[in-house]
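Chains as they are written, first to last, in the numbering used here: chain S, 5 to 545; chain H, 5 to 545. Glycine included, every Cβ here is placed at the ideal spot set by N, Cα and C.
There are 2 protein chains.
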Amino acid sequence: MAKNVGILAMEIYFPPTFVQQEALEAHDGASKGKYTIGLGQDGMAFCTEVEDVISMSLTAVTSLLEKYKIDPKQIGRLEVGSETVIDKSKSIKTFLMPIFEERGNTDIEGVDSTNACYGGTAALLNCVNWVESSSWDGRYGLVVCTDSAVYAEGPARPTGGAAAIAMLIGPDAPISFESKFRGSHMSHAYDFYKPNLTSEYPVVDGRLSQTCYLMALDSCYKSFCHKYVRTEVQETVSIFLYDYGSQFSPHVASTFDYRYERLEGKQFSLSDADYFIFHSPYNKLVQKSFARLLFNDFLRNASSVDAIAKEKLGPFSTLTGDESFQSRELEKASQQASKPLYDAKVQPTTLVPKQVGNTYTASLYAAFASLIHNKHSELAGKRVVLFSYGSGLTATMFSLRLHEGRHPFSLSNISTVMHVAGKLESRHEVTLALSVLEIIKYSSTTMQNSKVIPLPAMPLSFGFCCVIQHDQLFTPKKFVETLKLMENRYGAKDFVTSKDSSLLSPGTYYLTEVDSMYRRFYAQKDRACTACENGSATNGH
Amino acid sequence: MAKNVGILAMEIYFPPTFVQQEALEAHDGASKGKYTIGLGQDGMAFCTEVEDVISMSLTAVTSLLEKYKIDPKQIGRLEVGSETVIDKSKSIKTFLMPIFEERGNTDIEGVDSTNACYGGTAALLNCVNWVESSSWDGRYGLVVCTDSAVYAEGPARPTGGAAAIAMLIGPDAPISFESKFRGSHMSHAYDFYKPNLTSEYPVVDGRLSQTCYLMALDSCYKSFCHKYVRTEVQETVSIFLYDYGSQFSPHVASTFDYRYERLEGKQFSLSDADYFIFHSPYNKLVQKSFARLLFNDFLRNASSVDAIAKEKLGPFSTLTGDESFQSRELEKASQQASKPLYDAKVQPTTLVPKQVGNTYTASLYAAFASLIHNKHSELAGKRVVLFSYGSGLTATMFSLRLHEGRHPFSLSNISTVMHVAGKLESRHEVTLALSVLEIIKYSSTTMQNSKVIPLPAMPLSFGFCCVIQHDQLFTPKKFVETLKLMENRYGAKDFVTSKDSSLLSPGTYYLTEVDSMYRRFYAQKDRACTACENGSATNGH
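Encoded structure:
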């Protein structure tokens, strides 16, 4: 069986168009801090009419293959996780196949996995299992998480976002699975769902969804800890038998496991992992979740938490499960008690989810990308525990072990390729080279808030050019207008888009047309224009 | 790694309501034989307002667990394949979770897999990989394929159907995977898709879909044969090295594989498998598909086909690929040439697909159920090759090896449990015990075509009873009316159904209500009423 199977490489893509949560608060007439402190969010990316889950995943996949120099023929499995339905039958995976068909590779297993925000994790686990199975043919697996999260006007609207993440799967990975440490909780719930087929917006009960999330977290953690204990102990027992000799068969010996564990006290607690990553609908829930894990540790084994935490949590030790989910006091006390650990073990994972928003299936892996971005040089040997949640509901807590790896599949190269800071930064100050005509077009439509900075030296080959720096190009007003347009476009046919790729980086895919048969057409922004990305305009794009 | 992983047990469910294709031909004003000979279909099952893909899968899963005596706690993975979208986010799998939650089991991995009719195969392959992976926890996997295939009025309408199939997955299975023999073909196509989100009906290009299907078949067969040759030869080579001794490392030895194969001529041909099972939108395509495989054999190695086939196919050996897909003459000649082999290797697999119709994700496994039903006593040691196709498109050809197995996981018991003949038969002559009130209700609504046969001895405890025998209860008119009603119900909320379960067998689940929040409610037909099934009415149901 293949060993140390896991994630060899990653790429992340999110739209350059986004809205500041602070500005959205003001626009919505919400109390100051409601989105930024109450939800804990900073920004929210969204797709304009030229981007969707298919274009984003085309971009992420081609970029990954190119940057890690992977021949499309080397891919033996491709799976997509998404809850953004464009077609109820044809998978997003098939929209990605042309990348591989061009190179003569059509023998690629896998389809789309669906259950709310959990589909990406399902695809990832499937792909890892494939590499470990007898049907693995030695090639790489590729997992794509892609979603556009949009909500109807109301309290849930600021919890949107959009992104696609591609992950290459294989053996001897710098990010490998500890497959035996895994707990799932799956249940029938109506916390968030999409039964209105004509609308892209979900039906969501925010309060119920939060409770479902935290109950699933509790259940997964319990199951995770149970499996951790068992596995740790089985190792210990085999040493015991070797030291003293034994006439017991291994089967009989295993009956001692539990007793032995009691003596050793090898229970899992937060100190056994270096980082915890959570599916992030909004950052406040991540804070609550980590606090909840600390409360779990305290209840299970008070000696595993420090004195301050013990003191703060003590008054809540007799609450029933239901009471504990309802108690605001417990919520507050446990967040206070867990603050130092949160800063060390969770905060480094929150950058992209806070800046880009809830990206549904991509959310957990966007958080993971944040960790690699922030800490890549010090991650070797570390254990990371992840909690994936999809409403409806499906949830899994699982464990990864990190190694530096070898180029190009090293943590440092993954960090370089993903270029998280650069991508976030370039949203604020998009540097465009435009022809005069394009400037006029923009000035009259979307750029009221932009600063136009003429360049001192202009190449004149394709017309007069300049560079435009625009902060907050997308005001809340523009965001709301875009969502209105997208409401009409959802499920529609027979239209062409503006084909305006000016805000997109070279190599980005974008939607150009949906014909009268609902067939979708995409173009890729000219790669010859790479120089534009660096501000040194060479032609009229 | 777990060995001989595959299907341990199966259950099939299809609605008792169906229409005869012959009657539908007449109703539609189609030329006689258009559906029965042209498509090769006999009957078509369909869901009334009280059944859907969720109720059918609830029925199939509970029936499987009960009949094979599987404790719900023994299930560690549950996956659903379906292309019938009721909710765009919440998986069908979560609707099945109450069966397991009731028994305290929520730690069950897996979600829904989607790409047209291929989702069931994707779920099955995922589940097998899980059992072979390091994350397998020793429990069973459970795969469910469930679909309701309905089409707008027009030429595709007679190619509908409805069914759910549940399959239990584990090691040492009577139906085990030969995982190394597998060829896939995945591509971007618009042959059949569901972009109109407001309609349950697909957009379908029948001609294109057939060509896509056959081209994918060609490609999969080529890939399958290639892998078969390589694998067979690797075994042969290792014997060679053992006999003569060798200083080569196994790695170096493997470079001889291909040459050795040439000498041996160990190519795959139709004679290397005992049965071939195809995804069956309609039987005529299955006939064409098998004929196409024979033509492939002929082109690759003419000596593998018999003299008559050689003579019939000879004139077409110089056609290009495209020409061969267009040639009616080739289609006819290859079907004639393959007829004897078809009768032996394919015909035993066609019963349910012909009688129940296209059941999308369940179709391939409904064909497999037919084989087990027809041949279970003589299947031990046989190899079965299956071709799964989902428009859009995704396709895989794979190989299963059959063993008798041990009770309850034996081929004979699987055949007994599935009770295919009984289920088909009971559709024609549903025997109901009804109270007087119910008789009056039925007489005035749906039973105009039924014969009412009073029973000589009536138990009077719950009212006057009789048994009603109704052939062809569902006339084409009734079928069309039902589809009209379902068009309005699709995506709707806030309604209650008739809750009429009179036609359903005891233990069958049915839809009772969709509330104002789109939440769906189901009931299970009283199991206490089992006696009714045998005609010995004991109460007023």
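Cβ-Cβ distances below 6 angstroms link H/Cys51 to Pro19, Ser152, Ala166 in the same chain, with the five nearest sequence neighbours on each side left out; the list follows chain order. The CB of H/Met490 never comes closer than 9 angstroms to any CB in chain S; the least such distance is about 14 angstroms. Spatial neighbours of S/Asp176 in its own chain (CB-CB distance under 6 angstroms, excluding positions within 5 residues in sequence) are listed in chain order as Asn8. With 16 or more other Cβ atoms from the protein chains shown falling within 10 Å of its own Cβ, H/Phe272 counts as buried. As DSSP reads the structure, S/Asn119 sits in a beta bridge with S/Cys121.
With contacts defined by Cβ atoms closer than 9 angstroms, S/Gly44 and S/Val309 do not form a contacting pair. Assignment of alpha helix (DSSP H) within the region 87–169 of chain H, counting only whole runs of 4 or more residues, yields 96–105, 123–136 in chain order. By the criterion of at least three beta-carbon pairs nearer than 8 angstroms, the region 139–150 of chain H is not in contact with the region 375–391 of chain H. Under the three-state reduction of DSSP, S/Val84 is assigned to strand. S/Tyr232 is outside the set of residues whose beta carbon lies under 9 angstroms from a beta carbon in chain H. For S/Ser67, the closest Cβ of chain H is not nearer than 9 angstroms. If you draw a straight line from the Cα of H/Asp278 to the Cα of H/Gly385, it comes to about 10 angstroms. Between the alpha carbons of S/Ala34 and H/Val135 lies a gap of roughly 51 angstroms.
The DSSP-derived three-state label of H/Val389 is strand. CA-CA distance, H/Phe499 to H/Asn492, rounds to 11 angstroms. Cα atoms of H/Leu415 and H/Arg143: separation of roughly 21 angstroms, rounded to the nearest angstrom. In this structure, H/Thr398 and S/Thr98 form a Cβ contact; the two beta carbons are roughly 7 angstroms apart against a cut-off of 8 angstroms. Closest by C-alpha distance to S/Ser117, out of S/Asn378, S/Thr365, S/Lys529, is S/Thr365. Scanning its chain for C-beta atoms nearer than 7 angstroms, with the 5 sequence neighbours on each side dropped, one finds around H/Lys71 the residues Glu15, Val421, in chain order. With 16 or more neighbouring CB atoms inside 10 Å of its own CB, H/Glu182 falls in the buried class.
The Cβ atoms of S/Tyr122 and H/Val115 lie closer than 9 angstroms to each other.
When S/Phe22, S/Asn378, S/Phe525, S/Arg296 are compared, the shortest CA-CA separation from S/Lys343 is found for S/Arg296. For chain H, the residues of the region 176–201 of chain S that bring a beta carbon within less than 8 angstroms of one of its beta carbons are Phe181, Ser183, Lys184, Arg186, Gly187, Ser188, His189, Met190, Ser191, His192, Ala193, Tyr194, Phe196, Tyr197, Lys198, Pro199, Asn200, Leu201, in chain order. At a C-beta separation below 8 angstroms, H/Thr516 has no neighbours in chain S, since its nearest C-beta there lies roughly 16 angstroms away.
Straight through space, the alpha carbons of S/Tyr522 and S/Lys503 are spaced by roughly 17 angstroms.
Taking 9 angstroms as the cut-off, the beta carbon of S/Ser505 is found closer than this to the beta carbon of S/Val54. Membership of H/Ser180 in any alpha helix (DSSP H) is not indicated; the residue belongs instead to the beta strand (DSSP E) covering 179–190. Listed along chain S, the residues sitting closer than 9 angstroms to H/Met5 by beta-carbon distance are Met5, Glu136, Ser137, Ser138. Of the candidates H/Leu406, H/Ala160, H/Phe402, H/Leu406 places its Cα closest to the Cα of H/Ser381. Fewer than three Cβ pairs drawn from the region 193–208 of chain S and the region 370–379 of chain S lie within less than 8 angstroms of each other, which leaves the two stretches out of contact. In the DSSP annotation of this structure, the continuous segment of the beta strand (DSSP E) that includes S/Arg524 starts and ends at 524–528. Note on geometry: alpha-carbon atoms of H/Gln359 and H/Ile281 lie some 16 angstroms from one another. Residue pairing from DSSP places S/Arg405 in a beta bridge opposite S/Ser180, S/Arg387. Contact of H/Ser61 with chain S is not assigned, every C-beta pair being separated by 9 angstroms or more. For S/Tyr369, the uninterrupted alpha helix (DSSP H) run begins and ends at 367–379, by DSSP. Between the alpha carbons of H/Met5 and H/Leu128 lies a distance of about 18 angstroms.
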